[in-house]
Each structure stands twice: as C-alpha cells, then as structure tokens.
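J.:
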Amino acid sequence: MRGAGCALGLLLASILLVACATASGSEGGPPAPPAVTASVPEPAAPAVVMRLRAPFAPPPIQTTSPPPPSLSAEGAVVLDEGSGAVLYERNAHTPLAPASVTKIMTALIALERGNPEDLVTVQIDSRRMRGSTVMGLVPDEQLTLQDLLYGMMLPSGNDAAAAIAEHIAGTQAAFVELMNRHAEVLGLLNTHFANPHGLDATGHYSSAYDLALLAREAMARPDFQRLVNARYWEAQGTINSYRMFNSNALLTWYSGADGVKIGYTRSARQTIVASATRDGHRVYAVALRSPDRNFDASVLLSWAFNAYSWRAGGEAGAGLDGSAISASTSALTAGAAAP
-6 MRGAGCALGL LLASILLVAC ATASGSEGGP PAPPAVTASV PEPAAPAVVM
44 RLRAPFAPPP IQTTSPPPPS LSAEGAVVLD EGSGAVLYER NAHTPLAPAS
94 VTKIMTALIA LERGNPEDLV TVQIDSRRMR GSTVMGLVPD EQLTLQDLLY
144 GMMLPSGNDA AAAIAEHIAG TQAAFVELMN RHAEVLGLLN THFANPHGLD
194 ATGHYSSAYD LALLAREAMA RPDFQRLVNA RYWEAQGTIN SYRMFNSNAL
244 LTWYSGADGV KIGYTRSARQ TIVASATRDG HRVYAVALRS PDRNFDASVL
294 LSWAFNAYSW RAGGEAGAGL DGSAISASTS ALTAGAAAP
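Numbering follows this note's numbering, in which position 330 of the sequence shown is assigned residue number 323; successive positions increment by one, without gaps.
1) Hey, S283 and Q263 are a contact pair by Cβ (cut 8 angstroms); roughly how many whole angstroms apart?
2) Counting Cβ pairs, one atom from each stretch, are 3 or more of them under 8 angstroms apart for the stretch 125 to 135 and the stretch 70 to 89?
3) Output the residue ranges of the alpha helix (DSSP H) runs that lie fully inside the stretch 93 to 123 and measure 4 residues or longer, sorted by chain position.
4) Under the three-state reduction of DSSP, which class applies to A228: helix, strand or coil?
5) Go ahead and label N299 buried or exposed: buried means 16 or more other beta carbons lie within 10 angstroms of its beta carbon, across all protein chains shown.
6) Would you list the residues sitting across from T258 in a DSSP beta bridge?
7) Just how far apart, CA to CA, sit G68 and I265?
8) Please work out which residues of its chain come closer than 8 angstroms, Cβ to Cβ, to V131, disregarding the five sequence neighbours upstream and downstream, and give them in chain order.
9) Give the secondary structure of Y202 by DSSP, where H, G and I count as helix, E and B as strand, and everything else as coil.
10) In this structure, does DSSP put T304 in helix, strand or coil?
11) Is it the case that the stretch 91 to 108 contacts the stretch 212 to 225, given that we only count it when at least three CB pairs across the two stretches are under 8 angstroms?
12) Reducing DSSP to helix, strand and coil, say where R214 ends up.
13) For L181, tell me which candidate among D203, P53 and E74 has the shortest Cα-Cα distance.
14) Hey, how far is the Cα of S268 from the Cα of E105?
15) Find the nearest neighbour of S76 within the set N84, L64, P52 and A156, judged by alpha-carbon distance.
16) Given Q165, which residues of its chain have a CB within under 7 angstroms of its CB, disregarding the five upstream and five downstream residues?
17) Beta-carbon within less than 8 angstroms of H274's beta-carbon, same chain only, minus the 5 sequence neighbours each way: which residues are those?
18) Which value, in whole angstroms, describes the spacing of the CA atoms of N173 and S63?
19) Within the same chain, show all residues whose beta-carbon is closer than 6 angstroms to that of Q139, passing over the 5 residues directly before and after it, in chain order.
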C-alpha cells in the first residue's frame, strides 16, 4: 500500500511519509512511566485498533440535548457497549492512577488462563499489608481460584490479587508482564501496569477510555459478569472461613447497575468503572480522580440513558440535527465532548 502511494507522485509520497512518521510516534511502545506524584505522560491518540465484537451494533441516537453532566471527576467517559461509541468524555485519554479498578485486568487474565476450580496454596500474608483492603489471607491457606477471584473483586482484596497473580504466572512480576501484553492487544494506548492490585506505584496508570474498553472486553464473559454482579460470597479455606460483600454500592441502588469495580488510593482518589443495562442496552461509565465516585457514575449513566435512544437492528436514525445516522457510523468517534 505504501509503494502504491509513492507511485502516485512526490506530493502524495511526502504526505504518506508524514503520516507514517506520525503513526510510528504513537505506536513505539507504552508511554514513559510517570512517577506516582509526578506528571503523567502525554495521552496518546484515541485507540483505533480496538476489537469490535460481533455483531456490530449501530450507535445510539442522541434524541435530547440535556446539559452536560455536572461532574467532579478529573477523567470520565461513557461508552456504549453495542457499538463502542463514546457518548461523553472528559480528559478520557489522560493517563491517571486507576487504583483497584486495575483488578478488572487481573480477573480477566485469571479467567482466561486459569481454572476456577484450581486449588491454590496461598503464600501471601495479609497481615503485612497494613492500611490496605484485604480478603484476610494467611500463608498456607488453600482456596479455589474462584474463591480468590471473589475475594479480589468483592471486598477488593489486594492480598487475593497478589495470590492470583502468583498462581497464574509464578510471580507477580511475570503476571504484570501478562497484563501489559494484554493491554497492548486490546489497544489500550494510555495504560501501563506495575502490579496486579492497583496500589500506587511508579509506572502504574490508565485512562478513562482505556478502562471502558477493558470493561467491555471483560463483560463479554458470562463468568466475569457473574463475578462483578455478585453481592455476597462465602468461602471455606483449609484454615479460615470468609464472608465477602461487594463494595460497589451502585449495585444496590442504581436502576440497572450490573458491575464493574471501584477503587481508592491517596494518589488516585476515588475511582469507578460502572455498567448499567436498561431495555437491553448496556453502557459503561468511568470516573477517575473523583471525590464522589458513586455520584459521578450515576450522573454519567443517567445522562446517557436520558440523552440517547437505541434502535433495533441496523436501522438508520436521525440525530438532533436531522442528519441520517446509519449502522456503519464509526463506533470510535467521541459523540459528545465535555466542556
């Protein structure tokens, strides 16, 4: 294709050279890792290599024009699951500390590579993780991988995340390599992981848009959906018994809420990746560096459901300006930018 372009003439060749140089600049590897308290890297261009899941759905139609959502989050996005269309964004491609929403990637890799019935002998001691949310694991405890997954996603156990990583990859460092390779495959251009749990660390960051794409990929798995939608889980180990409650409060009061994960660290502040389904249509809302994640997520979800409508099949619709919108409309274009 490049050779054919050059044959068209010097002018077209020069245009192609500029385009190629620009592309290589954004694909030359993950952004430079930021320090925990320092500035983060410049955001890369929107990810255009994400995998759209079949069947491809037309984007929803904006049928009303309510005021933009009033948010306190620094980074935010609303993503339509069926089409992948961005319905709203604020600093959506800015790398920020994600906190425990990191565990979405940890769970996805564990489900893809592990057997939920695997018996795991734990080497992690939660008593050494003071000031951290934990499941309560002790060395030589034995639990199934499934129990550890619930212990990681419901009470947000950092000890469970570490135990899962060691079970799947042998070491936490090796597991982090899997996380970063998977991020590249999914086209998460503004994401880099340094651990499996999301505690503040140099070089550990993601963006609202990347996290929405990650959640969309994970929620395609029924076993992941069951995991993040569960309100309660009990587990019996060889040493202790465990009773776990889902810390995602949105599941208990927001109509249609069905996932995904919350987080908090001092650097990240409150974070959330939320999903809700109404009339068979699911949307994802992400809020990063928020003083009130539940408020921000509920505002984003409600704004999307109020502003947009979904049409069955591939039927074309009309937007607010009367222009035709068809099923072939790009799912990767931001539909509404934040002020």
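Just so it is clear, CB atoms sit at the ideal spot from N, CA and C, and this is done for glycine as well.
Fair warning: this is a prediction, and the values are worked out from it, not measured in the lab.
T.: On the basis of the supplied data:
1) 5 angstroms
2) no
3) 96 to 106
4) strand
5) exposed
6) R262
7) 11 angstroms
8) V115, D118, S119, R120, I232 and N233
9) helix
10) Looking at the sequence shown, residue 304 is not Thr but Arg. R304: coil per DSSP, three-state reduction.
11) yes
12) coil
13) D203
14) 21 angstroms
15) P52
16) A155, A158, E159, N188 and P189
17) P53, D73, E74, G75 and W303
18) 33 angstroms
19) P109
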